[in-house]
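FYI, in the UniProt record's numbering the residues of the sequence shown are 1 to 494. We put the beta carbon where it would ideally sit given N, CA and C, even for glycine. Keep in mind it's a predicted model, so treat the numbers as computed, not measured. Shown next, in structure tokens, is the structure this report addresses.
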Amino acid sequence: MDATQLLAQASDVVAAADPAGLMPARQQMALSLGWHIILACFGVAFPAIIFVMHLRGIRKNDPVALNLAKRWGKASAVLFAIGAVSGTVLSFEMGLLWPGLMGNFGDVLGLPFAFEGLAFFLEAIFLGIYLYGWGKMPPKLHLLMVLPMAITGVVGTYCVLAVNAWMNAPVGFDIVNGEVTNIEPWAVLFNQHAFLAFAHMWLAAYMVAGFSIAAVYAVGMLKGRRDRHHRLGFMVPFAFATIAALAQPLAGHFLGHDLAERQPAKLAAFEYADETADGATPLTIGGFYIDGEVKWAIEIPYLSSIASLNSFTEPVPGLDQFAEEDEPPVNFTHYSFQAMIGIGLLLLATVALFWFLRWRKRDLLENRWFLRFMAVSGLLAMTAMEAGWIATEVGRQPWIVYGVMRTTEAAADHSGGLWWMYLGSVVLYGGMTIAAIAILRSMARRWREGAADLPSPYGPKLLAADGPAEVRECPDEKDGTDGSAAAIAKETAK
């Protein structure tokens, strides 16, 4: 082969190469979405958990419950503030990283993104009212301020999930002569897959928030803090996590029941179906997909067809039915899917065991091994949720809008400053993670030391007490309505 032929082949390789902006765009979105989605879980679930705790405090005249609700409100404000930063970054990234997508389909996706922005601002408003309403509003009216927070969190999340559902099953437009026309924004917002996708994510949010909050109090109990404050702080979020963990398999099953028709290559990757079987497809656990064949896997007969197709005889479509360029990254998709399923089942079994033994008059909160597991349950729930999103997004590849636009068509043809933006994001998110942990740990430490109300840099000026670590209430709040849990319980009892 002469130099001319080699040069021609090199030119072909370069022409077929991915756009320069594809790799930094993928890395940036993976970092931003993977980081932000955890905070979004707390934005969705935390208000409802706070509401139940606050309601318990009012109805039962319970200072411990009111104190927990008040502290949780402040913790949610820290998470909300950090989530506002990452959410703002994401809003700019869509256009910067995926100009092909937003340039062609921006008008299609504008409505759900607009509603998500409105929901975010409304949630911020009512969060502020709730935080500064302690001792300044009638208790029941103050409690009701949590409901708009919960509702707007749900609405905002639904809007984002509607966009993602649209990317997996696009509707609401026509393409005529290469132009996107006949746009129906409401069809995008209420596409048929959005509701099930939202239900799946909504339950995942309650699992992440519920197990994470319970984990904090499990750690406290491991350190010997066995008071009612820690037990109640564990039980309420754990109850939310229990309901979500038990309902999640059902939601996931209904979401994926028609995947064989919508995205058969993704289903084949989920199930490691290397070829279409003559009968029912077995469930494949572990193994690796190498050169078009699954090796070293454990197979359980019939189970894949039963779970995916509700059939004892129908096979899952195999990867042999798709061109190689239309296949997703099979191993990555498969293991992400199985990690989600495996961790989810582990958490489900844990909550079922806890309540069964509680029914049998055995309290696992006295068992240190159970508390040790619960201490990491929040991280496990986060891992399962992240794995589920990886399976969904990686499994859709090579499409960014399934069947309409490939990911390579959406990325920029230059990397420019994208790698620098990615590096800046790593520094930004790393700094915010450290800051959030430091702030929350500082708040917890001061609460344990007896501080009833933590000072605010922008609130009414507080008078320093004689002791260096103490803070007195403001002079105009010495009438018993200073917002403390005991004072609020006293006012409610009247």
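Per DSSP, the beta-bridge partners of residue 179 are 176.
Membership of residue 289 in any alpha helix (DSSP H) is not indicated; the residue belongs instead to the beta strand (DSSP E) covering 283 to 290. Residue nearest to residue 406 within the set 333, 251 and 398 is 398 (criterion: CA-CA distance). Looking only at 218, 264 and 208, the smallest Cα-Cα distance to residue 244 is reached by 208.
In the three-state reduction of the DSSP assignment, residue 266 falls in the helix class. For residue 297, the enclosing beta strand (DSSP E) has its first and last residue at 293 to 300. Per DSSP, the beta bridge partners of residue 405 are 401. Linking residue 178 to residue 32 through their CA atoms gives a straight-line distance of about 31 Å.
Around the beta-carbon of residue 317, 16 or more other beta-carbon atoms lie within 10 Å, marking it buried. Contact between residue 38 and residue 72 is ruled out by a C-beta separation of about 17 Å, above the 8 Å threshold.
Non-local beta-carbon contacts of residue 381 in its own chain, meaning distances under 6 Å to residues more than five positions away in sequence, involve 207, 208 and 211 in chain order. When C-alpha distances from residue 108 are compared across 226, 402, 183 and 347, the shortest belongs to 183.
The three-state reading of DSSP puts residue 138 in coil, since its state is none of H, G, I, E or B. In this structure, the alpha-carbon of residue 354 lies about 9 Å from that of residue 370. Taken atom to atom, the span from the alpha-carbon of residue 219 to that of residue 225 is near 9 Å. In its chain, beyond the 5 residues on either side, 287 and 288 have a beta carbon closer than 7 Å to the beta carbon of residue 295. Between residue 418 and residue 21, the C-beta spacing is below 8 Å.
Check the Cα spacing between residue 147 and each of 274, 165 and 46: the tightest is with 46.
By a beta-carbon distance limit of 8 Å, residue 149 does not contact residue 133. Their separation comes to about 12 Å. Straight across, the Cα-Cα distance linking residue 422 with residue 91 is about 15 Å.
Counting along the chain, the unbroken alpha helix (DSSP H) around residue 248 starts and ends at 228 to 256. The C-beta distance from residue 215 to residue 57 rounds to 22 Å, too long to meet the 8 Å contact threshold. Around the beta carbon of residue 449, fewer than 16 other beta carbons lie within 10 angstroms, which makes this residue exposed.
In chain order, 28, 29 and 32 place their CB closer than 7 Å to the CB of residue 93, counting only its own chain and leaving out the 5 sequence neighbours on each side.
Annotation for residue 24: the continuous alpha helix (DSSP H) segment containing it runs 22 to 59. By the Cβ neighbour-count rule, residue 227 is exposed, with fewer than 16 other Cβ atoms within 10 Å of its own. In this structure residue 236 touches residue 53 by the C-beta definition: roughly 5 Å separates them, less than 8 Å.
When only Cα atoms are considered, residue 411 and residue 151 end up about 35 Å apart.
Listed in chain order, the non-local C-beta contacts of residue 401 below 6 Å within the same chain comprise 167 and 170, local neighbours out to five positions each way being set aside. Short of 8 Å from the beta carbon of residue 408, and not among the five residues preceding or following it, lie these beta carbons of its own chain, in chain order: 18, 19, 22 and 398.
With fewer than 16 other Cβ atoms from the protein chains shown falling within 10 Å of its own Cβ, residue 176 counts as exposed.
DSSP places residue 115 in the uninterrupted alpha helix (DSSP H) bounded by 99 to 132. In the structure shown, residue 192 falls within a coil segment according to DSSP collapsed to helix, strand and coil.
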